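First residue of the sequence shown: 2, per our numbering; consecutive thereafter. Note that the Cβ used here is the ideal one computed from N, Cα and C, for glycine as well. Quick caveat, the model's predicted, so the values are computed rather than measured.
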Amino acid sequence: MTNPYGQQQPYGQQPQQPGYGPPSGGVPAPYGQPAPYGQPAPYGQPAPYGQPPTGGFGAPGYGAPGYGMPGGGDINQIKDYKGWAIASLFLGGIILGIFAIMKSNEVGTYKMQGNYMMAEQASRTTKTLCLVSSILGGLSCVLVLFAFLIPLIAYGVS
């Protein structure tokens with residue numbers, strides 16, 4: 002039986018359609034091998050030595066950044082404020098302390114994922130929760146102190 006569309010392709014090979022495949026019409030470089038000189042490296046492979054890396058559309062260095070990549074800075078420099086969060090649990094109240102500990106744990110999770118922006122945001126939120134909790138805890142300590150001292154002074158403890 003003959004192929005009504007032309008010559009029959011060998012078993013396991015697909016016919017080459019125009020507009021598909023490598024732009025030069027040649028065979029793409031095997032995985033792990035550099036692209037021929039003057040052609041961009043295939044997706045997922047680094048640029049060969051001596052050629053600048055290209056961005057998303059062939060423009061050098063103008064590709065879209067990866068998910069959660071930082072605008073700059075070291076991800077290990079982001080503080081999680083874990084100790085302060087635990088202290089705020091006892092100082093400023095259970096509810097704010099629990100939320101501060103949860104946010105502190107999120108900082109560690111985002112840092113492990115490499116998500117710089119979310120880790121930084123969670124760190125700022127943790128710091129804010131700890132600060133508010135510490136201020137409320139300090140004010141409550143002062144109020145309790147005055148609540149016990151004023152009656153003692155007023156009644157004249159002898």
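Assigned exposure category for Ile96 - 16 Cβ within 10 Å defines buried: Classified as exposed, Ile96 has fewer than 16 neighbouring CB atoms from the shown chains inside 10 Å of its CB.
Contact under 7 Å by Cβ, Ser105 with Lys83: yes
Buried versus exposed call for Gly98 [16 or more other C-beta atoms within 10 Å across all chains shown]: buried
Span separating the alpha-carbon of Gly69 from that of Asn116: Note that Gly69 scores 45 on pLDDT, short of 50, meaning its location in the model is unreliable; the coordinates nonetheless yield the value given after this. C-alpha of Gly69 to C-alpha of Asn116: approximately 4 Å in a straight line.
Distance between beta carbons of Tyr111 and Met103, contact taken as under 8 Å: With 8 Å as the limit, Met103 and Tyr111 do not qualify as a contact, their Cβ atoms being about 13 Å apart.
Alpha carbon of Val100 to alpha carbon of Leu130, nearest angstrom: The sequence shown places Phe at residue 100, rather than the Val named in the question. Looking at the two C-alpha atoms, the distance is approximately 8 Å.
Per-residue burial, Pro61 [other beta carbons within 10 Å of its own, 16 or more giving buried]: Unreliable positioning characterises Pro61 in this predicted model, as indicated by a pLDDT of 48, which lies under 50. The coordinate reading is nonetheless provided below. With fewer than 16 other Cβ atoms within 10 Å, it is exposed.
Contact set for Ser134: own chain, Cβ-Cβ below 7 Å, skip 5 residues either direction: Ser89, Leu92, Gly93, Gly94, Leu97, Gly98, Ala101
Alpha-carbon spacing of Asp75 relative to Ile87, whole angstroms: Each residue's alpha carbon lies about 25 Å from the other.
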